[in-house]
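Trainee: Here it is: the structure, laid out below.
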Amino acid sequence: VIAAQAYERTMALADSETYVNLSTRLQLIKADLHERLSRLRYAIGFGASLSVVTLLHYFDIAQYLTETVDDNQVKWGWKTPGHHLKVVGAIPLWARAVVILPWRFADMIRENHPTYKGPWIIPVPEVRVV
16 VIAAQAYERT
26 MALADSETYV
36 NLSTRLQLIK
46 ADLHERLSRL
56 RYAIGFGASL
66 SVVTLLHYFD
76 IAQYLTETVD
86 DNQVKWGWKT
96 PGHHLKVVGA
106 IPLWARAVVI
116 LPWRFADMIR
126 ENHPTYKGPW
136 IIPVPEVRVV
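In structure tokens form, the structure reads like this:
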């Protein structure tokens, strides 16, 4: 417990400014995502996990995506909660960009899909296009 409390102090987790800064950063990411995605046609999302659904809702970007891809066959044919994006098993050939929603796994996802040559958009911790 003492070690956890020391870590929390070093991270300033008891300081309200930490959360104000986080909120500001998230709003900047949201604005950047909206600006970039509004210029694209036929972007798709990648991922259909619970954290992905949270990201879709928080950043409000589902309206820019036609569907989402997931490597888990169990999810194919289902739709994401709330936004009802169809979950498919392969990146469509017509996809102009893929937004990697489970951003923590961006490198692994890109490695697992070497045939996709379009841009990958990674939304967090800052919007990157690779």
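Take 16 as the starting number for the sequence shown in my numbering and just add one per residue.
Don't be surprised by glycine CBs; every beta carbon is placed ideally from N, CA and C.
Go ahead and label residue 85 buried or exposed: buried means 16 or more other beta carbons lie within 10 angstroms of its beta carbon, across all protein chains shown.
Mentor: Residue numbering aside, residue 85 sits at position 70 when the sequence shown is read from its first letter. By the 10 Å Cβ count, residue 85 comes out buried.
Trainee: For residue 102 and residue 93, I'd like the C-alpha separation in whole angstroms.
Mentor: For the purposes of this step, residue 102 is taken as the residue at position 87 of the sequence shown. For the purposes of this step, residue 93 is taken as the residue at position 78 of the sequence shown. For residue 102 and residue 93, the distance between alpha carbons rounds to 6 Å.
Trainee: Only counting the same chain, and skipping five residues up and downstream in sequence, which positions put a Cβ closer than 7 Å to that of residue 68?
Mentor: Sequence index remark: in the sequence shown, residue 68 carries index 53 (1-based). So the qualifying residues of the chain are 95, 96 and 97.
Trainee: For the pair the region 99 to 116 and the region 124 to 140, tell me if three or more CB-CB distances fall below 8 Å.
Mentor: Verdict: yes, contact present.
Trainee: Which first and last residues belong to the beta strand (DSSP E) in which residue 83 is found?
Mentor: Locating residue 83 in the sequence shown gives position 68, counting from the first residue. Run containing residue 83: 80 to 84, per the beta strand (DSSP E) assignment.
Trainee: Just mark residue 63 as buried or exposed, buried being the case when its beta carbon has 16 or more other beta carbons within 10 Å.
Mentor: One-based indexing of the sequence shown puts residue 63 at position 48. Classification of residue 63: buried, given that the 10 Å Cβ count is 16 or more.
Trainee: Using the C-alpha atoms, what's the distance from residue 30 back to residue 76?
Mentor: Here residue 76 corresponds to residue number 61 of the sequence shown, with the count starting at 1. Here residue 30 corresponds to residue number 15 of the sequence shown, with the count starting at 1. The alpha-carbon atoms of residue 76 and residue 30 are separated by roughly 30 Å.
Trainee: Is residue 132 helix, strand or coil when you go by DSSP?
Mentor: Locating residue 132 in the sequence shown gives position 117, counting from the first residue. Three-state DSSP puts residue 132 in coil, outside helix and strand.
Trainee: Under the DSSP definition of a beta bridge, which residues are partnered with residue 137?
Mentor: Position 122 of the sequence shown, counting from 1, holds the residue named residue 137. Per DSSP, 143.
Trainee: Please classify residue 33 as buried or exposed, where buried requires at least 16 neighbouring CB atoms within 10 angstroms.
Mentor: On the sequence shown, position 18 is the one that residue 33 refers to. By the neighbour-count rule (16 or more Cβ atoms within 10 Å), residue 33 is not buried but exposed.
Trainee: At which residue ranges does the region 95 to 127 contain complete alpha helix (DSSP H) runs of 4 or more residues, listed in the order of the chain?
Mentor: Listed in chain order, the complete alpha helix (DSSP H) runs (minimum 4 residues) inside the region 95 to 127 are 121 to 127.
Trainee: Going along the chain, which residues of its own chain have a beta-carbon closer than 7 Å to the beta-carbon of residue 100, five neighbours each way excluded?
Mentor: On the sequence shown, position 85 is the one that residue 100 refers to. Hits under 7 Å: 60, 77, 80, 82, 83 and 94.
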